[in-house]
Amino acid sequence: MGESSPSNGSDDPLCDLRSRLEAENDYMLKLVDTIEPKYYFDQDTVDTLTSEVHQKVDERVKASKRMQKMSVHGKHKLARLDPSTFKTVSQILCDQGLEPGGLTEKQSLKRLRRAQKKKAKMSTLHSVALDRASNLDELKHRLSEKIEALKGIRKTPVIQSREERKAKKLAEKKAAKKNKNKGPKAANEDSTAPGGDLSPKKPAPGKPAPIFNREGKMVFSKFDLADSGIPDTEEKKKAFKSAAARSNQPKKLMHKLEVEAKKLKTLEERDPEQAQELKQKKQWLKAMDKVQGVKVKDDPELLKRSMKRQQKLRQQSQKKWQARVESTTQKQKERQDKRRENIKARKQAKLQTKMKRLKKKGRIIPGF
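To convert, take the position in the sequence shown, counting from 1, and add 3; that gives this note's numbering.
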């Protein structure tokens with residue numbers, strides 16, 4: 004018993020160290036798991052992981068008959084809601100047989116290649132210290148040679164470029180002056196070349212050819228305003244029919260709903276399972292339309308209300324039109340009556356003036 008006590012005392016620090024290291028390891032793993040896999044791994048690994056997730060979802064969709072006609076949006080939703088697709092960094096590394104912080108085969112190969120390239124570059128680098136001169140006189144000689152070479156290179160191009168710049172500026176000033184003197188004519192005429200040669204003038208455009216519309220009449224502007232969008236009477240009738248159809252839309256929808264309800268009732272009597280599937284499909288389509296912002300008009304009560312509203316509006320418009328017709332006829336009658344009265348009064352006035360003239364001349368004796 005006395006001999007076993009020192010051995011237990013020597014094992015205690017190792018156990019404590021191991022437990023502390025395990026706790027540190029767990030803490031570090033938790034920290035690593037807070038990083039998203041798409042930021043932790045390189046692009047190739049992320050691509051492989053996403054392809055695995057897509058493969059799993061496709062297999063699951065193919066396995067069930069209900070999900071076979073699922074859209075891409077539905078597949079994305081299924082992948083988001085599936086807990087098996089979401090894995091932490093440590094879980095992914097365990098699946099790959101690695102530890103956190105360890106490198107994959109591709110990463111290690113890349114690092115090895117980079118190191119080899121760096122080494123090859125370092126071996127072929129040119130050392131400047133090898134070309135240094137042993138004494139000061141040689142250095143001074145080299146410096147003077149370099150300065151002379153630079154002066155010889157710099158002299159002629161600088162002078163040439165200055166001369167060219169001056170000539171260019173003068174030419175630009177002359178051209179601007181000419182354009183200023185010409186005024187609005189400068190836009191139409193061709194500018195002179197720097198050598199002094201005049202460019203040939205463009206011939207004046209001839210008169211434009213006359214334009215005719217579909218009926219063979221001449222059009223004097225760019226747009227034929229007389230030519231309406233619906234020239235034929237048949238097309239006008241079609242347009243009015245389509246407008247009437249649009250106004251009677253609730254009635255059509257109501258009829259459609261009644262027909263669908265009858266069909267569903269007959270289907271429930273024959274095959275209730277198929278009828279249930281059809282109902283679910285309609286509900287899904289309705290939900291998708293609502294999500295996309297499309298108005299779903301399948302409530303019979305609301306359709307009846309809209310039909311009544313349309314009927315009321317039609318009656319009101321008819322009343323207004325009738326009142327308008329009556330008022331126009333009344334105004335027309337009043338104007339015609341006034342015109343007749345004016346004509347009659349004018350005739351009477353003319354007759355009276357004529358009679359006065361005749362009385363003055365003595366042709367008509369009053370009382371006879």
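Where is the CB? At the ideal position from N, CA and C, for every residue including glycine.
The model shown is predicted, which means the values in this text are computed figures rather than measured ones.
- Residue 352 has its alpha-carbon roughly 14 Å from the corresponding atom of residue 361.
- About 6 Å separates the beta carbon of residue 306 from that of residue 256, a gap short enough to meet the 8 Å contact definition.
- Contact fails between the stretch 54–64 and the stretch 28–44, because fewer than three Cβ pairs, one in each stretch, are under 8 Å apart.
- Cβ contact annotation for residue 311 (same chain, cutoff 6 Å, sequence separation greater than five): none.
- Residue 367 sits in coil when the DSSP states are folded into three classes, being neither helix nor strand.
- Contact between residue 260 and residue 278 is ruled out by a C-beta separation of about 16 Å, above the 8 Å threshold.
- Residue burial is scored here from C-beta neighbours: residue 96 has at least 16 other C-beta atoms within 10 angstroms and is therefore classed as buried.
- Inter-residue distance for residue 21 and residue 78 is about 46 Å (C-alpha atoms, whole angstroms).
- Residue 95 has no beta-bridge partner at all, per DSSP.
- Going by DSSP, residue 60 is part of the alpha helix (DSSP H) stretching over 46–66.
- Taken atom to atom, the span from the alpha-carbon of residue 173 to that of residue 46 is near 60 Å.
- A residue is called buried when at least 16 other Cβ atoms come within 10 angstroms of its Cβ; residue 92 meets this threshold and is buried.
- Residue 318 is not a Cβ neighbour of residue 253, given a cutoff of 8 Å.
- Straight-line spacing of the CA atoms in residue 324 and residue 338 works out to 21 Å.
- Of the other Cβ atoms in all chains shown, fewer than 16 fall within 10 Å of the Cβ of residue 89; this residue is therefore exposed.
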